[in-house]
């Protein structure tokens with residue numbers, strides 16, 4: 010009797026986050042243009058990058074940081090930073106809503122915002138909602154964040170998601186059957202993260218079974234993922 014298959018661990022190390030590795034489409038080309046046109050298009054020297062989970066905010070943040078020479082850190086790390094030292098250059102702060110209600114972290118971001126701009130540098134902040142919806146409790150911080158010009162990344166459309174799947178399969182030297190990607194487009198979450206995870210999982214499944222990636226294999230994988238998610 011064969012052993013039951015273990016749940017798939019889809020946690021992956023981050024992929025390359027360079028401009029060359031970033032695929033653009035109608036939903037993200039404006040955000041990319043805003044970051045690449047820094048500092049000329051940043052009249053207030055600050056910008057909020059908004060988009061759903063898995064839309065590629067971190068990748069865009071790294072593209073900007075490479076151009077600007079900026080440091081990147083999660084908002085939750087701010088209370089442990091030397092804010093005056095951090096403000097000596099451009100800074101990107103990821104997932105600002107995660108610190109809502111944490112007064113120490115909010116105060117650190119408030120002082121960082123003021124010092125970075127006073128030093129003549131730039132501040133990029135990211136979130137999954139526009140700044141007006143961030144439930145920050147320090148009024149002065151909330152008002153400064155709401156004054157950030159914002160650019161939004163939309164979820165990938167079919168063309169972009171298909172291009173992502175093709176890219177992630179190619180990186181793994183996997184050539185799925187022609188009907189696999191159209192099948193996946195109708196069924197997976199519309200995000201960069203989901204496309205990358207599914208490509209990796211199908212690569213692993215193909216290697217384990219010593220068979221090419223087919224629509225039937227993709228169907229079995231997605232069923233397993235749904236079952237694993239239901240058990241969590």
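In my numbering, the protein residues as written are 10 to 241.
C-beta atoms are modelled at their ideal positions from N, C-alpha and C, and glycine is treated no differently.
query	result
Pick from 74, 210, 141, 66 that is closest to residue 155, judged by C-alpha positions	141
Local Cβ density within 10 Å of residue 92, reported as buried at 16 or more and exposed below that	buried
Every unbroken beta strand (DSSP E) within the stretch 89-141, with a cutoff of 3 residues, ordered by chain	100-103, 132-136
Under 9 Å between C-beta atoms of residue 103 and residue 146	no
Residue 159: first and last residue of the uninterrupted beta strand (DSSP E) it sits in	159-161
Candidates 55, 35, 30, of which the one nearest residue 69 by Cα	30
Outcome for residue 182 when other beta-carbon atoms lying within 10 angstroms are tallied against a minimum of 16	exposed
Nonlocal neighbours in the same chain, by C-beta distance under 6 Å from residue 94, ignoring five residues either side	none
Selection from 206, 210, 171 that minimises the alpha carbon distance to residue 195	171
Residue 136, buried or exposed, once every other Cβ within 10 Å from all chains shown has been counted against 16	buried
Residue range of the unbroken beta strand (DSSP E) whose run includes residue 55	55-59
Nearest-angstrom Cα separation, counted from residue 82 out to residue 187	40 Å
Own chain residues within Cβ distance below 6 Å of residue 106, not counting five before or after	136, 143
Beta-ladder partner(s) of residue 83, from DSSP	103
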